[in-house]
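For what it's worth, the working numbering labels the leading residue of the sequence shown as 378, then goes sequentially. We treat Cβ as the ideally placed atom computed from N, Cα and C, and that holds for glycine.
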Amino acid sequence: MSLLTQAERDFYRPMYEALKYKNLTFEEYAAKQVEIQQKYRNSVENYTLLVTIGAPYLHNIELEPISLMKAVRRLIVIDGPNVMHGGSIYADTREGAVQHNIPDVAALLSLMRFFVVRSFDVFAVISRKYTYPDATNFKEAIDMLVKNNLCIVAPNTNLDDVIALEFASQVNGIVLTTDKYRDHAEQNARYLRLSAENRMNIRWDFVAEKMRNTRSREHSDYVSNKKFAFVFDEPRPDDGRIEMTPAEILQRIYVSPDNMQYEISKERYELSKPEKKKEQMLSVLNSLIIDGISVCKANVERINREVPVFDPSAQDNQQDEEDFPDYVDPVDEQADFISPADPDADEDWG
């Protein structure tokens with residue numbers, strides 16, 4: 378017996394009829410949509426209740442900028458390892474540690490949620506080693522991001538940067554990273570161009586302890602242990618300024634109809650339909666943020682205390698290819714195109 382109300386039936390029937398392919402009955406489809414809505418409402422309620430309010434805003438970027446109503450959002454590709462290391466405050470104190478810190482997944486969740494809530498199509502690219510147990514401070518979150526197509530896993534460390542740049546270039550997307558990809562640019566003039574056109578520089582700034590794991594009053598943007606800023610590669614010659622204004626940020630993450638790449642961005646956006654997926658993705662991110670607040674720091678303490686430094690040459694660390702999940706490629710048709718901090722804070726931030 379169906380538990381759907383008549384109002385729910387009337388609401389979801391046109392959506393179901395508009396589907397090109399119907400692999401579910403109407404009852405199954407509507408029930409699934411009701412479940413998604415309920416999960417979303419619960420996640421918003423829990424996020425609002427459990428993540429305290431901090432600064433007035435993280436970045437004063439409107440959810441729907443009126444001045445850009447005819448523009449299209451560019452695909453956002455996040456350099457996952459770079460973000461998790463750059464946004465981490467957790468030192469790796471283990472003997473033999475090569476990295477200076479333990480990657481903080483909360484930083485990735487913060488940046489990702491900022492764009493999902495603004496209806497952008499977004500995903501992170503990471504190398505396979507970050508999926509291993511205790512490679513980060515929140516493996517369960519990495520697994521969940523992969524499961525929900527918010528994260529793409531490259532087969533090895535050397536490919537993640539290339540995949541991010543190549544994918545962004547094919548659909549006029551933009552890679553968010555603190556890495557200027559100089560190594561790639563020096564080897565190939567094409568990557569020098571892609572680095573300029575399809576990459577946006579970010580910076581991670583320290584915040585006072587009381588501002589960590591909070592949400593902004595405007596738009597409820599999540600602030601992890603550091604806050605990110607959008608910056609130019611070099612200080613501006615006219616005023617020496619390096620941090621972008623809200624208007625300058627919008628110019629980089631949107632594309633207007635007079636841009637030659639507009640149709641490419643528009644086609645990608647219509648293909649991915651991020652607005653339709655937004656509530657489901659926010660349910661995932663809100664829940665992971667809440668869970669991360671309670672486990673990330675504890676996991677770091679346990680890793681530093683109990684877990685040896687990862688040794689890729691050790692036999693026990695090797696994984697057979699057939700045992701590795703089949704999610705190393707982008708999650709749609711575009712996969713075919715892929716080829717192989719300043720610590721000072723303003724007064725709002727303590």
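Quiz item: Name the DSSP beta bridge partners of E575, please?
Solution: Taking the sequence shown and counting its residues from 1, one reaches residue 575 at position 198. The question names Glu, but residue 575 in the sequence shown is Asn. Partner(s): none; N575 has no beta bridge.
Quiz item: CB-CB under 8 Å to D610, same chain, minus the five flanking residues each way: which ones, in chain order?
Solution: On the sequence shown, position 233 is the one that residue 610 refers to. Hits under 8 Å: K557 and N578.
Quiz item: Are the Cβ atoms of A484 and S601 separated by less than 8 Å?
Solution: Taking the sequence shown and counting its residues from 1, the one referred to as residue 484 is at position 107. Taking the sequence shown and counting its residues from 1, the one referred to as residue 601 is at position 224. A contact, by the Cβ cut-off of 8 Å.
Quiz prompt | Simplified DSSP assignment, three categories, for N478 | solution = Taking the first residue of the sequence shown as position 1, residue 478 is located at position 101. The answer is strand: DSSP assigns N478 an E or B state.
Quiz prompt | Span separating the alpha-carbon of N681 from that of F607 | solution = Counting from 1 along the sequence shown, the entry for residue 681 is found at position 304. Counting from 1 along the sequence shown, the entry for residue 607 is found at position 230. Their Cα atoms are separated by approximately 31 Å.
Quiz prompt | Host beta strand (DSSP E) of V584 (start-end) | solution = Mapped onto the sequence shown, residue 584 falls at position 207. Per DSSP, V584 belongs to no beta strand (DSSP E) and is neither H nor E.
Quiz item: If you draw a straight line from the C-alpha of A735 to the C-alpha of P391, how long is it?
Solution: Residue 735 is absent from the structure shown; the chain starts at 378 and stops at 727.
Quiz item: Which ranges would you report for the beta strand (DSSP E) in the segment 464 to 520 if only whole runs of at least 3 residues count?
Solution: 499 to 504
Quiz item: What are the boundary residues of the beta strand (DSSP E) that includes K604?
Solution: Taking the sequence shown and counting its residues from 1, the one referred to as residue 604 is at position 227. Segment K603 to F607, the beta strand (DSSP E) holding K604.
Quiz item: From L627 to L440, what distance separates their C-alpha atoms?
Solution: Mapped onto the sequence shown, residue 627 falls at position 250. Mapped onto the sequence shown, residue 440 falls at position 63. If you take the alpha carbons of L627 and L440, they lie about 11 Å apart.
Exercise. Could you tell me the distance, in whole angstroms, from the CA atom of N575 to the CA atom of N549?
Key: Reading the sequence shown from its first residue, position 198 is the one you call residue 575. Reading the sequence shown from its first residue, position 172 is the one you call residue 549. Looking at the two C-alpha atoms, the distance is approximately 7 Å.
Practice problem: Determine the closest residue to A384 out of K397, N400, V411 and F687, with distance taken between C-alpha atoms. | Solution: On the sequence shown, residue 384 is found 7 positions in, with the first residue counted as 1. Closest by alpha carbon: V411.
Practice problem: Indicate whether I630 and R450 have their beta-carbon atoms separated by less than 8 Å. | Solution: Within the sequence shown, numbered from 1, the residue matching residue 630 stands at position 253. Within the sequence shown, numbered from 1, the residue matching residue 450 stands at position 73. Cβ atoms of I630 and R450: closer than 8 Å.
Quiz prompt | Buried versus exposed call for T382 [16 or more other C-beta atoms within 10 Å across all chains shown] | solution = The sequence position of residue 382 within the sequence shown is 5, counting from 1. Counting Cβ neighbours within 10 Å, T382 comes out exposed, since fewer than 16 surround it.
Exercise. Determine which residues share a DSSP beta bridge with C673 and list them.
Key: On the sequence shown, position 296 is the one that residue 673 refers to. Answer is none; C673 lacks a bridge partner.
Quiz item: Can you tell me the Cα-Cα spacing of L662 and F497, whole angstroms?
Solution: On the sequence shown, position 285 is the one that residue 662 refers to. On the sequence shown, position 120 is the one that residue 497 refers to. Taking the straight line from one Cα to the other gives about 14 Å.
Self-check item: Beta-carbon proximity of G457 to I503, cut-off 8 Å
Solution: Position 80 of the sequence shown, counted from the start, is the residue given in the question as residue 457. Position 126 of the sequence shown, counted from the start, is the residue given in the question as residue 503. For G457 and I503, yes; Cβs fall inside 8 Å.
Quiz prompt | beta strand (DSSP E) segment containing I551, residue limits | solution = Stepping through the sequence shown from its first residue, residue 551 is reached at position 174. Looking at the DSSP string, the run of the beta strand (DSSP E) that includes I551 is I551 to T554.
Quiz item: With DSSP run on the structure shown, which of helix, strand or coil describes V398?
Solution: Indexing the sequence shown from 1 puts residue 398 at position 21. According to the sequence displayed, residue 398 carries Tyr and not Val. Correct three-state label for Y398: coil.
Practice problem: Can you tell me the Cβ-Cβ gap for N478 and N676, rounded? I've got them flagged as a contact below 8 Å. | Solution: Translated into the one-based positions of the sequence shown, residue 478 becomes position 101. Translated into the one-based positions of the sequence shown, residue 676 becomes position 299. That belief does not hold up - the Cβ atoms of N478 and N676 are roughly 13 Å apart, past 8 Å.
Self-check item: Residue of N526, I666 and V684 minimising C-alpha distance to Y424
Solution: Looking up residue 424 in the sequence shown gives position 47. For the residues N526, I666 and V684, the minimum Cα distance to Y424 belongs to I666.
Practice problem: Please classify G617: is it buried, with 16 or more other beta-carbons within 10 angstroms of its beta-carbon, or exposed? | Solution: On the sequence shown, residue 617 is found 240 positions in, with the first residue counted as 1. With fewer than 16 other Cβ atoms within 10 Å, it is exposed.
Quiz prompt | the segment 529 to 546 in contact with the segment 636 to 656 per 3-pair CB rule at 8 Å | solution = no
Exercise. Taking H456 as part of the beta strand (DSSP E), name the residues at either end of that continuous run.
Key: Walking along the sequence shown from the start, residue 456 turns up at place 79. Correcting the residue identity first, residue 456 is Asp in this sequence and not His. D456 -> beta strand (DSSP E) spans I453 to D456.
Self-check item: Range covered by the beta strand (DSSP E) that runs through I619
Solution: Counting from one through the sequence shown, the residue named residue 619 turns up at place 242. Per DSSP, I619 belongs to no beta strand (DSSP E) and is neither H nor E.
Quiz item: Going by beta carbon distance, what residues of the same chain come within less than 6 Å of T429, once the five residues before and after it are set aside?
Solution: Looking up residue 429 in the sequence shown gives position 52. Here the set comprises T591.
Quiz item: Looking only at DSSP bridge pairs, what is R450 linked to?
Solution: Your numbering for residue 450 matches position 73 in the sequence shown. DSSP output for R450 lists Y631 as bridge partner(s).
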